[in-house]
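See below for the structure under consideration.
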Amino acid sequence: MKIGIVEDEEALREHLAGGLRTAGYSVEMAGDGEEGLYLVKEFGLDLVVIDLGLPKMSGLELIKTIRESKNAVPILVLTARGNWQDKVEALEIGADDYVVKPFQLEEIIARINALLRRSVGLASPKIERGPIVMDTVSQQVTVEGAAIELTSYEYKILEYLMMHPQEVISKTKLTDHIYEQDFERDSNVIEVFIGRLRKKIDPNGSYKPIETLRGRGYRFSIQAASE
1 MKIGIVEDEE ALREHLAGGL RTAGYSVEMA GDGEEGLYLV KEFGLDLVVI
51 DLGLPKMSGL ELIKTIRESK NAVPILVLTA RGNWQDKVEA LEIGADDYVV
101 KPFQLEEIIA RINALLRRSV GLASPKIERG PIVMDTVSQQ VTVEGAAIEL
151 TSYEYKILEY LMMHPQEVIS KTKLTDHIYE QDFERDSNVI EVFIGRLRKK
201 IDPNGSYKPI ETLRGRGYRF SIQAASE
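No gaps in the numbering here: position 177 of the sequence shown is 177 in the working numbering, and each next residue is one more.
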């Protein structure tokens, strides 16, 4: 999953990014509101963290612009202690939650996890699709109760597909979600990861959970075993 951080304080921005990467997220960063708007438009974020006190375009302006463009990306606001008016206004114009500075990384990660689960209709940290169960907290995957060992990239791809069942997900979108902004991207590597995932989670071809749509991408859909 890819998280955007729009924060003008570099030290805080890097601290938060480091914590999110350790938690298994990919991170894109911006230092002002205009850069933040670009991130939201171009990088297919799953959630964006926005500080209200941004230069060039304030956090409130950024939130309003995002929502006016009909973008429903979950928004978590960072705000200074005591600015209750800003909290209320941010929530009224479309923010989903807020965290007061100074904050603990554990708190903000917990809130991000909750918002992401809510955004895809998940009431618990477990995603269950047929015989495949993913625990997004422990990052463990089981198939028919048996644990499956996945690499970090394999897990990120499977998580994204399972959180968007029946949707056609392009190779480019998957690439954007697993690689960092400054990483040399190669969308052909996605094919390798998909091949490995199929062998690990469906070695006998019983469920065919990841469908290839030639020229379009992939779709997660549990199918019945062939007669």
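C-beta: ideal position from N, C-alpha, C; glycine also.
Note that the structure is a prediction, hence the values are computed from the model and not measured.
- In the same chain as Tyr25, and ignoring 5 residues on each side of it, the C-beta atoms closer than 6 Å to its own belong to Met1, Ile3, in chain order.
- When secondary structure is reduced to three states using DSSP, Ile201 falls in the helix class.
- Beta-bridge partners assigned by DSSP to Asp51: Leu78.
- Ile109 and Ala23 do touch by the CB rule: their CB atoms are close to 5 Å apart, below 8 Å.
- Straight-line spacing of the CA atoms in Tyr155 and Asp135 works out to 11 Å.
- For Tyr98, the CB contacts under 8 Å within the same chain, skipping 5 residues up- and downstream, are Leu76, Val77, Leu78, Thr79, Lys87, Ala90, Leu91 in chain order.
- Beta bridge pairing from DSSP links Phe220 with Ile210.
- Pairing Ile169 with Gly94, the inter-Cα distance amounts to about 26 Å.
- Around the CB of Leu60, 16 or more other CB atoms lie within 10 Å, so the residue is classed as buried.
- In this structure, the CA atom of Leu54 is about 45 Å from the CA atom of Lys200.
- Rounded to whole angstroms, Asn71 and Gly130 show a C-alpha spacing of 30 Å.
- Rounded to whole angstroms, the Cβ separation of Lys171 and Ile190 is 5 Å, and the two are in contact under 8 Å.
- Looking only at Ile63, Ser58, Ala147, Gln139, the smallest Cα-Cα distance to Leu47 is reached by Ile63.
- Apart from the 5 residues on each side of it in sequence, Ile178 sits with its Cβ closer than 7 Å to the Cβ of Ser26, Tyr153, Lys156, Ile157 in its chain, given in chain order.
- Between Asp51 and Val6, the gap from beta carbon to beta carbon is short of 9 Å.
- Sixteen is the threshold: since fewer than 16 other Cβ atoms of the shown chains lie within 10 Å of the Cβ of Glu68, the residue is exposed.
- In its chain, beyond the 5 residues on either side, Pro131, Ile132, Ile201 have a beta carbon closer than 7 Å to the beta carbon of Val143.
- Only buried fits Gly36, as 16 or more other CB atoms lie within 10 angstroms of its CB.
- Within its own chain, no residue has a Cβ closer than 6 Å to the Cβ of Pro102 once the five positions on either side in sequence are excluded.
- Beyond the five residues adjoining it in sequence on each side, Gln140 comes within less than 7 Å, by CB distance, of Ala147 in the same chain, given in chain order.
- Take the alpha-carbon of Ile210 and the one of Glu106: they are about 33 Å apart.
- Here the alpha carbon of Ala114 sits roughly 17 Å from the alpha carbon of Glu128.
- DSSP places Gly195 in the helix class (H, G or I) of the three-state scheme.
- Residue environment for Arg214: exposed (fewer than 16 other C-beta atoms within 10 angstroms of its C-beta).
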